[in-house]
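Okay, structure first, notes after.
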Amino acid sequence: MAVLILAMLLIGVAMVTSLSHYHALVSLHRPLGAAILVLALLRLAYRRRHAPPPLPADLPAWQKRAAHASHVALYGLMLALPLVGWGMLSAACYPVALAGPLVLPPILPGSPMLYAALRVLHTVLAYALFGIVLAHLGAALLHGLIRRDGVFTSMASWRAGTGRG
Amino acid sequence: MMRLNDLIGAPPGLSRRALALRLCAIGAVLAGTAGTFAYAGGWLTPGALTPARLIDRFEAVNGPHPGFRRNHAKGLCVTGEFAASGAGARLSKASLFAAGRVTPVEGRVALAGGQPYAADAEATVRSLALRFRLPDGEEWRTAMNDIPVFPVGTPEAFYEQLRAARPDPATGKPDPERMHAFLAAHPESAKAAALIKARTITAGFSEDTYRSLNAFRFVATDGHATPVRFAYIPERDAAPQAGATAASADTNFLFGEFAATLRREPVRWHLVVTIGRPGDATDDATIPWPAERETVDAGTLTLTGAAPEAPGDCRDINFDPLVLPDGIAPSDDPLLSARSAAYSQSFTRRSGEAKTPSAVTGASLHGAAL
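Read top to bottom, the protein sequences are chains A and B.
Count along the first sequence from 1, add 906, and you get the number used in the numbering used here.
Count along the second sequence from 1, add 267, and you get the number used in the numbering used here.
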């Protein structure tokens, strides 16, 4: 999932500046976005039943708060980005084509101004997600390389667990 | 250092040197990830041609016209239907080609250029854009021009040509020296320009032939892909310039005449698909295919109505030529992806801008009909 999201962010930022690869990247971006939306929902459902392991007791309170806030933000953005993307394509009257003849129905009425606003929001949220992914990666490496408190392995194994789920 | 140790919770046994190394390693991973993102986003290649720069150049050449398309800015919405002959079904599995299938179509006729209030002129390149809505939510969007070949083969050449064709503020016409230099550097464009100049200029939109210019691939049920180009050939005789000049005091005479024709009677075109042979250029829209290539008449487009651009109609549709149903695929022509990217950029910009009424309004259409 982490790999999917990072790939998605790279595809997204690359496609808007590319002329020759634009179509190939957009054709990849839409089904990947739909897949991330589905996986994020599955993951949230899994998390409700299987609480993640607690953070180490000696972790400063502000770091615990930051870890919690970053998780809320990560889940929020994992769900919001595909939904905003879907909504913005609907407002632009584009068919949301995934693969072959498979097309998602519109979730918003056609409206150019709404499209323009959602298009900006999509970019802003994507940059925010990239920032949080970087912070998350940095914190994970800090736990794994320096604190060596088991948080890194719990993150990695938790990911593998969701992948199987 | 002590404060840093507290902050990151380094174990007491870890030497300063080991800590510094590990922090550097973390920094390198983060910098590498951020750097990859920056590279993918084009920040490290500021000179590269992007969709934004291409549309910037359109805006520089034509001036600001908020709310309008950056090219083919002056247009009129049309509606109608496409009735498949069934002959296209052996080439493409797209459901709109099945025998007897009737697909509703909305579209737009327009004049090339980024000036939404420019006076109609017979020699201006005319375009026909169509949106077919298939029952399962799929769409086919296509934007065609009434020229035999496209003047450039690559987006980069297109970018250069825009500058070369920019009107000189002093004379109001392109600088011939610049155009000459561009054509000297692009012999393929010089050949294409000669073909475009030699085309028959018809009386109006109804008698005109609109061509895909770029090649596509039609994919059949068995997966077989056929390289194609297609054209909408009018049922009406392509009478060249039949007295249209008499009406040219009206700055909207081409659009007015077309709307008046559609009020009187439907206007029909045949979708004629040309089948490419091995060796025919699919990646270069400046090169025509030999005239003797096999063609298939896939069906009849009937336009029945016209309306000035307004909220919620063709004004707010991006006729991206790569919105394709299953059964039609892009070719290896680099212009296709570039067109898709540039149209998207133009669409995004105008979508967020306040809208001004089109020059082709209800009043001008009724006036022309008198």
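Every residue gets a Cβ at the ideal spot worked out from N, C-alpha and C, and that includes glycine.
Status (buried if at least 16 other CB within 10 Å, exposed otherwise) for residue 330 (chain B): exposed
Option nearest residue 463 (chain B) by Cα separation, candidates B:477, B:473, B:612, B:317: B:477
Whole-Å CB distance - residue 919 (chain A) paired with residue 457 (chain B), under 8 Å assumed: Going by Cβ atoms, the distance from residue 919 (chain A) to residue 457 (chain B) rounds to 38 Å, so no, they are not a contact pair.
Whether residue 428 (chain B) touches residue 399 (chain B) by CB criterion (9 Å): no
Close beta carbons around residue 426 (chain B), own chain, < 7 Å, minus the five adjacent residues each side: 316, 321, 324
Chain A within 9 Å of residue 409 (chain B), Cβ atoms only: no
Residue 382 (chain B) versus residue 521 (chain B): straight-line alpha-carbon distance, rounded: 15 Å
Cβ neighbours of residue 571 (chain B) in the same chain (closer than 6 Å, five flanking residues each side left out): 347, 533
Within chain A, partners of residue 579 (chain B) - CB distance below 8 Å: 1016
Environment of residue 407 (chain B) [buried if 16+ CB atoms lie within 10 Å]: buried
Partners in chain D for residue 1019 (chain A), counting only beta-carbon separations shorter than 8 Å: Considering every chain present, this structure includes no chain D. Its protein chains are A and B.
Residue 607 (chain B) beta carbon less than 9 Å from that of residue 935 (chain A): no
Residues in the stretch 284 to 316 of chain B having any Cβ partner in chain A nearer than 8 Å: 286, 289, 290, 292, 293, 296, 297, 300, 301, 303, 304, 307, 308, 309, 315, 316
Contained beta strand (DSSP E) runs [length at least 3] in the stretch 564 to 597 of chain B, N- to C-terminal order: 595 to 597
Buried versus exposed call for residue 1024 (chain A) [16 or more other C-beta atoms within 10 Å across all chains shown]: buried
Counterpart residues of residue 411 (chain B) in DSSP-defined beta bridges: B:395
Where the stretch 1042 to 1062 of chain A meets chain B: residues whose CB sits under 8 Å from a CB there: 1043, 1044, 1047, 1048, 1051, 1052, 1053, 1054, 1055
Within chain B, the residues that residue 929 (chain A) reaches when beta carbons sit closer than 8 Å: 589, 597, 603, 604, 607, 608
Meets three-Cβ-pair contact criterion under 8 Å: the stretch 977 to 986 of chain A and the stretch 937 to 949 of chain A: yes
Cβ neighbours of residue 933 (chain A) in the same chain (closer than 6 Å, five flanking residues each side left out): none
Below-9 Å beta-carbon distance, residue 387 (chain B) vs any chain A residue: no
Residues that DSSP places opposite residue 341 (chain B) in a beta bridge: B:378
Beta-carbon proximity of residue 1036 (chain A) to residue 1046 (chain A), cut-off 9 Å: no
Buried versus exposed call for residue 992 (chain A) [16 or more other C-beta atoms within 10 Å across all chains shown]: buried
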